[in-house]
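Position 52 of the sequence shown, counted from 1, bears residue number 154 in my numbering, the numbering being contiguous throughout. One structure below.
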Amino acid sequence: MKKVALGIVLISIIFLMITYNRFQQPTEKDVLKITGKWSESIEEVLFVREIDGKWLTLFRMQQVISIAELQQNWLGTWKFKNNVTLSSIEYPPVLENQIAWSASEKSDENEAYYFGMVTDSEIDKITIETGKGIIEDIPFIKYEGSRFFLKRAEGKLVMPVNISGYSQSGEFIYSSLKKIN
Numbered sequence: 103m104k105k106v107a108l109g110i111v112l113i114s115i116i117f118l119m120i121t122y123n124r125f126q127q128p129t130e131k132d133v134l135k136i137t138g139k140w141s142e143s144i145e146e147v148l149f150v151r152e153i154d155g156k157w158l159t160l161f162r163m164q165q166v167i168s169i170a171e172l173q174q175n176w177l178g179t180w181k182f183k184n185n186v187t188l189s190s191i192e193y194p195p196v197l198e199n200q201i202a203w204s205a206s207e208k209s210d211e212n213e214a215y216y217f218g219m220v221t222d223s224e225i226d227k228i229t230i231e232t233g234k235g236i237i238e239d240i241p242f243i244k245y246e247g248s249r250f251f252l253k254r255a256e257g258k259l260v261m262p263v264n265i266s267g268y269s270q271s272g273e274f275i276y277s278s279l280k281k282i283n
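Set out below in structure tokens:
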């Protein structure tokens, strides 16, 4: 009888721990734990934030800034979704570029990701143009004066990609494909 009672107590404790973990939001410590065995260590976790119903983390290594989506496993432990980052950009960005960006594709999910950092304070709006059309209304993710963007699009990544930047008045001031005078 004591063994049965002890078994019930242990199962209850394990159940409570898993339930507790499932209700915890991800933290910087989770990101550092996930990346702890990487060959290049993370210098700074910029943020862990819920955006559009998905938990995202932005972190900096020596020469790149990466963004990843966080997802809980059945035990409530946070991991990078599919064990990969969504995209990365060079860090520090070349200021004259005005927008440091990259594009990536997750073929198993049939999704493309466009990620970047806007370094020109005059750029107030960006668009992304691919062979499939123009993607507008791209919100900025703000962090301590820096502005980043992440846009998820359905379908395969289509090249070339043109990132355009516009001033608040709508003036065209940046293109990733051609020089603006």
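Just so it is clear, CB atoms sit at the ideal spot from N, CA and C, and this is done for glycine as well. These numbers come from a predicted model, not from an experiment.
Assigned with DSSP and collapsed to three states, Leu108 falls in helix. In the structure shown, Phe117 adopts helical secondary structure according to DSSP, grouped into three states. The Cβ atoms of Val150 and Thr159 sit closer than 7 Å to each other.
Separation of Asp222 and Lys181 (C-alpha to C-alpha, rounded to the nearest whole angstrom) is 33 Å. For Ile136, the enclosing alpha helix (DSSP H) covers residues 130 to 136. C-alpha of Trp203 to C-alpha of Ser114: approximately 49 Å in a straight line. In the DSSP annotation of this structure, the continuous segment of the beta strand (DSSP E) that includes Ile167 starts and ends at 166 to 174. Counting C-beta pairs closer than 8 Å gives fewer than three between the stretch 230 to 247 and the stretch 181 to 191, which falls short of the contact rule.
Look at Asn184 here: in three-state DSSP terms it is helix. Its Cα nearest to that of Asp226, the residue Lys244 stands out among Ile169, Ile153, Lys244. For the set Thr187, Asp154, Gly267, Asp239, the Cα lying nearest the Cα of Ile169 is the one of Thr187. In the pairwise beta carbon analysis, the stretch 247 to 258 is classified as touching the stretch 200 to 216: at least three pairs are separated by under 8 Å.
DSSP, reduced to helix, strand and coil, places Ile240 outside both helices and strands of the structure shown, so it counts as coil.
Fully enclosed beta strand (DSSP E) runs of no fewer than 3 residues occupy 201 to 208, 213 to 220, 227 to 232, 235 to 237, 243 to 245, 248 to 256, 264 to 268 of the stretch 193 to 275, in order along the chain. Distance from the CA of Ile275 to the CA of Lys253, rounded to the nearest whole angstrom, comes to 21 Å.
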